[in-house]
DNA sequence: GCCGTTTTCGGCCCGACTGTTTTCAGTCG
């Protein structure tokens, strides 16, 4: 049994114990044992003494040992025999937790959704002490509603968040605001949206929000927060937390999370006989400190600033105790090496794109329109590419503080051939190769195509290496580890495509890319002026993977990039 | 169930909101 499976079994034990009404700390202990395994970088084989891990003691170590040796756990087996499986599903219903489900099971013989619906319809639930008519009604409602997808992808959620932010900017009682939660941590998927809002009149603000937002249902509303379900197709849940000026930073820190990170911070506070909450830091004498920024809060604890993307409750506190985290920042980016113009499928002219890149403060950018075979994108013929090279040279003359490179995003054709011959490619400053067709080929064919591209002396970068579209399609069957090896061997750069719909490669792979010593380029693949702004999503994804700026070629100054492009590949 | 530079026993992260209750438990994040 591998680590993932073992963690799942530990979490299952915790869930069963929760329904059994066990001590919540015992329940948490099983979850914590799972997290301890998850956060340890070693494989199960490499971990010799389980109980040495913090969070794993005698009992949980025994359960894990048993799972490793026999593939099953007597503790879990006993729980499965004792407690009906259908109850697990009920935990997903909002408002129902282990305690209530346990009582429904013991007192009304509820074992699954159907039996729960029956006792609700019979009016039996409202008779239990601690339950009432409203609870019964809410359960019935939850049962009848279709299960929403557990998590939605970042492109959908970010667009929704942007619409909400437009509305927040119009509301007069709002002094400032920020999105928080998973979106601020740049997770690829998330369950809901969180906003922290500074206001002196929270009552008025929530009133204004309700009149201007497309709201389907108000889930909860109080002085300090409001939760609504939006009227979008997915009925996304949005939390608004209201803060005063002096608590804003603490509120933002708290609601950016993650939960696991907050737990680490609270434990750290506790060792200093202090208490941290969304309202500030309470010292041992009872006085409460507030802060102007998240940085000030971290510094108070002797930590350097921790970017949201690494606040996952792993080793980030220890790293920040040792000194500044050496990860890339948005301000490190000096250029964007992948963009399109009206010459292929972009919406803006070469001049418009170049000017926008320059206005963003970049020292350089590279125009990479599509190649001839990509007809749907109006790919450039040999003649048009020649023309474009001249046009780029002309435009380039108009800048003295900005360089526009001439490039291409060339298709790797289904048979593995490249879309332009070498004589064409050598005229260009920068050649990107990517897969845009025959996604359903098997792994062997896909890898052969990528290998051909890597081995071409002119191809400097493989764009969006897996071809995935977040929330839409999985991408093609690529062996990323083998691709990293190929990139290393041939001196090819791998892209982190910063477009919100891609974020490809993902943080998980980027970590391996950096460890292999392969260089990365973070590019927006912009097809419009607006898309240029997605660069921060790429940088944030890189931060999640712990990428250092020196390993990202578009952090390099113009001279170094120019040298790099002039040099032959390895 | 886990843990110990306050502790081998008695804690375990903190607060908002709802629905049930007349002071609080359960759920959620």
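Numbering (the numbering used here), first residue to last: 6 to 575. Heads up, the beta-carbon is just placed ideally off N, CA and C, and yes, glycines get one too.
| Query | Result |
| --- | --- |
| Reference residue 190; option with closest CA among 556, 561, 558, 542 | 542 |
| Unbroken beta strand (DSSP E) run spanning residue 345, endpoints | Segment: none, residue 345 is in no beta strand (DSSP E) and carries neither H nor E. |
| Inter-residue spacing [alpha-carbon to alpha-carbon] between residue 433 and residue 274 | 56 angstroms |
| Nearest neighbour of residue 536, chosen from 365, 286, 72 [CA to CA] | 365 |
| Cβ neighbours of residue 358 in the same chain (closer than 6 angstroms, five flanking residues each side left out) | 344, 346 |
| Bridge-paired residues (DSSP) for residue 286 | 281, 294 |
| Cross-strand partners of residue 416 (DSSP beta bridge) | 439 |
| With 16 other Cβ atoms within 10 Å as the buried cut-off, status of residue 245 | buried |
| Nearest candidate by alpha-carbon position, reference residue 438, set 94, 424, 108, 445 | 424 |
| Run of the beta strand (DSSP E) containing residue 502, from where it starts to where it stops | 498-502 |
| Cβ-Cβ separation, residue 116 to residue 130 (assumed contact under 8 angstroms), whole Å | Not a contact, Cβ separation roughly 15 angstroms. |
| Same chain only: Cβ atoms within 8 angstroms of residue 69, ignoring 5 sequence neighbours per side | 11, 15, 38, 42, 55, 61 |
| Collapsed DSSP secondary structure at residue 401 in the structure displayed | helix |
| Expected contact under 8 angstroms - CB spacing of residue 452 and residue 400 to nearest Å | Residue 452 to residue 400, Cβ: 38 angstroms. No contact. |
| Residue 475 - DSSP class collapsed to helix/strand/coil | coil |
| 8 angstroms Cβ shell around residue 228 - same chain, five flanking residues per side excluded | 207, 208, 247 |
| Beta-carbon contacts of residue 300 that lie in its chain and below 7 angstroms, excluding the five residues immediately before and after | 310 |
| Inter-stretch contact (C-beta, 8 angstroms, three-pair minimum) for the stretch 252-270 and the stretch 304-324 | yes |
| Spatial distance of residue 177 from residue 526 (CA atoms) | 41 angstroms |
| Own chain partners of residue 170 with C-beta closer than 8 angstroms, once the 5 adjacent residues on each side are dropped | 182, 184 |
| Top-ranked residue by Cα proximity to residue 482, from 448, 497, 500, 50 | 448 |
| Candidates 533, 485, 75, 471: closest to residue 517 by CA position | 485 |
| Euclidean distance between Cα positions of residue 239 and residue 384 | 36 angstroms |
| Residue 112 to residue 74 span [Cα, whole Å] | 38 angstroms |
| The stretch 189-205 contacting the stretch 156-171, beta-carbon criterion three pairs below 8 angstroms | yes |
| Coil, strand or helix - residue 272 by DSSP | helix |
| Check whether residue 550 and residue 521 have beta carbons under 7 angstroms apart | no |
| Pairwise C-alpha distance: residue 371 and residue 566 | 11 angstroms |
| Extent of the continuous alpha helix (DSSP H) run through residue 301 | 299-305 |
| Boundaries of the alpha helix (DSSP H) in which residue 239 is found, first to last residue | Where residue 239 is concerned, there is no enclosing alpha helix (DSSP H), given that its DSSP letter is neither H nor E. |
| Presumed contact (8 angstroms Cβ cut-off) between residue 374 and residue 352, rounded CB distance | About 13 angstroms; that fails the 8 angstroms criterion. |
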